[in-house]
Amino acid sequence: EAKRNGRNRYEDFRIEMDAAARKRRLVELDLRDAITCNQLRLYYQPITDAKHDAVIGYEALMRWHHPQNGLIMPIDFIPIAEETGLIHSLGSFALHEACREATTWAGNQTVAVNLSPIQFKNSGLVSVVESALASSGLSPERLEVEITESVLLDNTLGNVGTLRKLKALGVRIALDDFGTGYSSLSYLRSFPFDKIKIDRSFINDMQDSPEALAIIRAITGMSRSLAIQTTAEGVETDEQFRRLKEEGCSLFQGYFFGRPQPSESRLLGFAPV
Ligand code: C2E
Ligand code: MG
Ligand code: MG
Ligand code: MG
422 EAKRNGRNRY EDFRIEMDAA ARKRRLVELD LRDAITCNQL RLYYQPITDA
472 KHDAVIGYEA LMRWHHPQNG LIMPIDFIPI AEETGLIHSL GSFALHEACR
522 EATTWAGNQT VAVNLSPIQF KNSGLVSVVE SALASSGLSP ERLEVEITES
572 VLLDNTLGNV GTLRKLKALG VRIALDDFGT GYSSLSYLRS FPFDKIKIDR
622 SFINDMQDSP EALAIIRAIT GMSRSLAIQT TAEGVETDEQ FRRLKEEGCS
672 LFQGYFFGRP QPSESRLLGF APV
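Put into structure tokens, the structure is as follows:
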């Protein structure tokens, strides 16, 4: 049984690995072009307040419009960008583009940009943020950066110092995907976050899982004591929205309110994609 078409399990494994490595290499080569050939786009997803009567901001989410392969989602290129170092260029593009875009909005909504932990290895990160603000003229309070707790795991790099410098510029700092990974209450002591985003997995499970609901309750209770705003991610139904309001969440994001969409269609009022 070990032999299939004369190959053993190890050979099967190696052939799969080679295919994966080839695919990675292709993506890496194409991704270099993506930056220079203008194939990267930011889509914007609305974030609303508890009354659902005001969009207080948008999260910028990257998409890759590949000339042959069509729309590529972050999960299929961000990890490769991180491994190859291309994330520094992608990240700089996102910061500049999001700040520029936000200055065209009629209201004073905030724009949230995701930062990869790898971007913190670049000592120039603070200058990139400064330059995005300066060249767009966006008021720093309208820019929010989203980080995950992995940024705080490595103390040796002085990441907390970098966060402090960003905060000193007036930029808001949000802790993304809270509750997953190694999320620990002690992270909330290492830095004064402006916002905690409760990971979508808890919102997804809250109706069937008392544990998920208990965790949401613990996060909102703790955030209230620390005077930190909470955003519920991945809100898909009116019922979830209602329950999360009862639990004291302050801000809401998810398909129920709107999908990420390109700024052009947002302005033209097209249906969400
Ligand atoms: P994230 O920062 O946690 O972003 C939220 C993700 O949840 C987005 O996925 C969004 O489309 C999705 N989402 C929002 N509402 C709902 C909902 O109601 N239901 C469901 N099922 N999903 C919802 P997306 O756009 O695929 O991005 C995935 C991740 O890729 C992001 O997670 C973020 O970690 C990363 N990412 C996206 N853009 C960038 C970027 O410009 N730079 C960096 N470093 N990472 C990015
Ligand atoms: Mg995010
Ligand atoms: Mg998130
Ligand atoms: Mg997430």
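Quick note on full-length UniProt numbering: the sequence shown kicks off at 422 and runs consecutively.
Glycine included, every Cβ here is placed at the ideal spot set by N, Cα and C.
From a predicted model like this one, the values you see are computed outputs, not experimental measurements.
Check	Outcome
The stretch 478-496 contacting the stretch 455-469, beta-carbon criterion three pairs below 8 Å	yes
Close beta carbons around Asn-625, own chain, < 7 Å, minus the five adjacent residues each side	Gly-655
Neighbourhood of Val-572 by C-beta distance below 7 Å, restricted to the same chain and skipping five residues each side	Pro-538, Phe-541 and Asn-580
Three-state class that DSSP yields for Val-534 in the structure shown	strand
Pairwise C-alpha distance: Leu-590 and Pro-561	7 Å
Pick from Glu-667, Glu-657 and Thr-652 that is closest to Phe-677, judged by C-alpha positions	Glu-657
CA nearest to the CA of Phe-614, picked from Thr-569, Val-476 and Glu-668	Thr-569
Span separating the alpha-carbon of Arg-453 from that of Leu-507	7 Å
Closest residue to Leu-511 among Asn-459, Ile-619, Arg-593 and Gly-600 (Cα-Cα distance)	Asn-459
Distance cut-off 7 Å: Glu-654 Cβ against heavy atoms of ligand 1	yes
Phe-691, DSSP secondary structure in three states	With a pLDDT of 48 at Phe-691, under the threshold of 50, the modelled position of that residue is not reliable, and the figure given next carries that caveat. Reduced to three states, the DSSP call for Phe-691 is coil.
Same chain, Cβ closer than 8 Å to Ile-636, neighbours up to 5 away in sequence not counted	Gly-600 and Phe-623
Helix, strand or coil at Tyr-431 [DSSP, three-state]	helix
Arg-462, DSSP secondary structure in three states	strand
Beta-bridge partners of Gly-478, as assigned by DSSP	Ile-468 and Thr-531
Residue environment, Tyr-431, which counts as buried when at least 16 other CB atoms sit within 10 Å	exposed
Neighbouring residues (CB closer than 6 Å to any heavy atom of ligand 2)	Glu-480, Asn-535, Glu-567 and Asp-597
Pair within 8 Å by beta-carbon distance, Val-532 and Ala-519	yes
Under the three-state DSSP convention, the category Gly-642 falls into	helix
Run of the alpha helix (DSSP H) containing Asp-615, from where it starts to where it stops	Looking at the DSSP string, Asp-615 is not in any alpha helix (DSSP H), and its letter there is neither H nor E.
Contacts around Asn-529, its chain only, beta-carbon distance under 7 Å, and the 5 residues preceding and following it disregarded	Arg-563
Cα-Cα separation between Ala-692 and Arg-435, rounded to whole angstroms	The predicted model places Ala-692 with a pLDDT of 44, which falls under 50 and marks its position as unreliable; any figure quoted below should be read in that light. In a straight line, the C-alpha of Ala-692 is about 45 Å away from that of Arg-435.
As assigned by DSSP and simplified to three states, the class of Leu-507	coil
Contact under 8 Å by Cβ, Leu-547 with Leu-587	It is worth fixing the name first, because residue 547 is Val in this sequence and not Leu. Result yes, Cβ atoms of Val-547 and Leu-587 sit closer than 8 Å.
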